[in-house]
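Numbering (this note's numbering), first residue to last: 1139 to 1256. Ideal Cβ placement from N, Cα and C applies to all residues, glycine included. Let me begin by presenting the structure, written as structure tokens, before commenting on it.
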């Protein structure tokens, strides 16, 4: 998996995720962005992977999903579990990531737990 994310992928991801009332976008080991503009400033000077914080319904634990680029694809990989799962989405479909990321997270959760919707 790549260790960086392309600026255009990161900016589009920031536009999508910052509209969510539940999911958050953040750099590694830092606080989540509060706005797309804040994310854009960071993205313009950094190209490392970003992380989507996906809450789990009825649970205090969140699942982290690492996001990077691989050619024209945006790669999502769970990092909160031992058995990591990965999914790729062409950047042109990035605005429709909710189902891809939700399926990825749900595949890692124990029976009866579900990822919160965006």
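{"Check": "Local conformation of residue 1229 per DSSP, three classes", "Outcome": "helix"}
{"Check": "Sheet register partners of residue 1208 (DSSP bridge)", "Outcome": "1211"}
{"Check": "Continuous beta strand (DSSP E) stretch holding residue 1234: start and end", "Outcome": "Neither: residue 1234 is in no beta strand (DSSP E) and is coded neither H nor E."}
{"Check": "Simplified DSSP state of residue 1151, which is helix, strand or coil", "Outcome": "helix"}
{"Check": "C-beta contact flag for residue 1213 and residue 1226 at 7 Å", "Outcome": "yes"}
{"Check": "Inter-residue spacing [alpha-carbon to alpha-carbon] between residue 1180 and residue 1239", "Outcome": "23 Å"}
{"Check": "Under the three-state DSSP convention, the category residue 1156 falls into", "Outcome": "coil"}
{"Check": "Own chain partners of residue 1210 with C-beta closer than 7 Å, once the 5 adjacent residues on each side are dropped", "Outcome": "1228 and 1229"}
{"Check": "Own chain, CB closer than 7 Å to residue 1202, minus 5 neighbours either side, in chain order", "Outcome": "1189, 1191, 1217 and 1218"}
{"Check": "Contact check, residue 1143 vs residue 1245, beta carbons under 7 Å", "Outcome": "no"}
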